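Numbering (the working numbering), first residue to last: 46 to 437.
Below, the structure is given as structure tokens:
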């Protein structure tokens, strides 16, 4: 029994040592994107931090900026400092150390020496580093200050530092702005939020289309075509809105905006092909049918991918790590619903000999019931996801 207790104490001690070590050595590349320390369930403080970032440009070297992290009262034990382009919100420039005993260089966003962190957990009242700008422009310095394992602030210098090549001395001093427990970059994600939300709502249209068009088809073929075109047009409008929103801050070569463009193009191809289709008895009709179905499947799959990439971008800087898991649950439910629709179509084909009005009404009622069940069950997923997206 004593040996078991001793082994338990050793394991607990080793686990605690591992946590403290990862916190103390400053190798925090995993926090480059969110700027949030991986300190278990602890969240950033929602009060004004007792620290600030000062910057100064020397007259002797206009391409180099001195960045100073200062403690107003209590010292900080750890930190992470980055510089980013104020327009594209990507790591830019390179840092140079002044005190290698207290600081170390990190590579963030695939860029070497684009961030600085601590090397130990000793108290620090001031840290100085040099940052070399890549070119003239507006830049923002962001820093996370760790006072203790469970108490830290994520700081964003909201007033950009404008660098040019004049012969005068420029000095910029910016005081810490209030942070509310999350490391958001509103300018970067404003368009991503709305475009992701739009595509998320768009996802419900194909399955709604499946029920409504089948109901209309059984009752009136002309009504089926009008419902078909109306829902496709609604889906296209949603994609146009998402496309406009994703360009709010200009083009960025990332997966989300690229996928939005691809989905929009495929949607318009789908509409054009629908209006240019050949007649039911035409020998090439089967080509249209297969293209129409495969293109529709590609649109739905790419829309799902578009939503996931948008959620990943939002979740990286959000205190809600459940976005993609919730989306996964919604997609799983929609896949099940889609399979049920296919089974309904197969069942209908096997009963083609029975074309009585009673059987037709039964199929229509069954599809209506499926639509109601789908709406009631998927509605909470959509509401929760949209709420988290817009509150992140």
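No residue lacks a Cβ here, since even glycine has one placed at the ideal position from N, Cα and C.
Note that the coordinates shown come from a computational prediction; the quantities given were computed from them, not determined experimentally.
Buried or exposed by the 16-neighbour rule on C-beta atoms within 10 Å, applied to residue i
i	result
residue 331	exposed
residue 320	exposed
residue 434	buried
residue 192	buried
residue 344	buried
residue 180	exposed
residue 77	buried
residue 169	buried
residue 102	buried
residue 160	buried
residue 114	buried
residue 358	buried
residue 89	buried
residue 425	exposed
residue 85	exposed
residue 375	buried
residue 388	exposed
residue 275	exposed
residue 129	buried
residue 392	exposed
residue 327	exposed
residue 110	buried
residue 198	buried
residue 163	buried
Residues that residue i bridges to, as DSSP identifies them
i	result
residue 462	Examination of residue 462 is not possible in this model, given that the chain is present from 46 through 437 alone.
residue 174	112, 142
residue 343	The partner list for residue 343 (beta bridge, DSSP) is empty, contrary to what the question assumes.
residue 316	Answer is none; residue 316 lacks a bridge partner.
residue 123	191
Where residue i falls: helix, strand or coil (DSSP)
i	result
residue 143	coil
residue 193	strand
residue 129	strand
residue 277	helix
residue 82	coil
residue 156	strand
residue 148	strand
residue 292	coil
residue 301	helix
residue 327	coil
residue 136	strand
residue 163	strand
residue 310	helix
residue 430	helix
residue 187	strand
residue 284	helix
residue 101	strand
residue 199	strand
residue 180	coil
residue 168	coil
residue 73	coil
residue 89	coil
residue 380	helix
residue 389	helix
residue 415	helix
residue 338	helix
residue 372	helix
residue 421	helix
residue 353	helix
Assumed close pair residue i, residue j - CB separation to whole angstroms, cut-off 8 Å
i	j	result
residue 309	residue 339	The Cβ separation is near 18 Å, so there is no contact.
residue 136	residue 154	4 Å
residue 347	residue 304	6 Å
residue 187	residue 127	5 Å
residue 80	residue 125	6 Å
residue 333	residue 318	7 Å
residue 176	residue 140	5 Å
residue 422	residue 378	6 Å
residue 185	residue 131	5 Å
residue 355	residue 241	3 Å
residue 325	residue 277	That belief does not hold up - the Cβ atoms of residue 325 and residue 277 are roughly 19 Å apart, past 8 Å.
residue 351	residue 301	6 Å
residue 178	residue 108	6 Å
residue 281	residue 313	6 Å
residue 415	residue 381	With a Cβ gap of about 11 Å, residue 415 and residue 381 do not count as contacting.
Any non-hydrogen atom of the ligand FMN within 7 Å of residue i CB
i	result
residue 300	Among the components modelled here there is no ligand, and therefore nothing to report on the ligand FMN.
_Any 3 or more C-beta pairs closer than 8 Å across the region 87-105 and the region 149-164_ = Under the 8 Å Cβ criterion, the region 87-105 does not count as touching the region 149-164, having fewer than three qualifying pairs.
Note to self: Does the structure place the region 411-431 close enough to the region 367-379 that three or more beta carbon pairs sit under 8 Å?
What the structure shows: Remark: three or more beta-carbon pairs, one from each stretch, lie closer than 8 Å, so the region 367-379 and the region 411-431 are flagged as touching.
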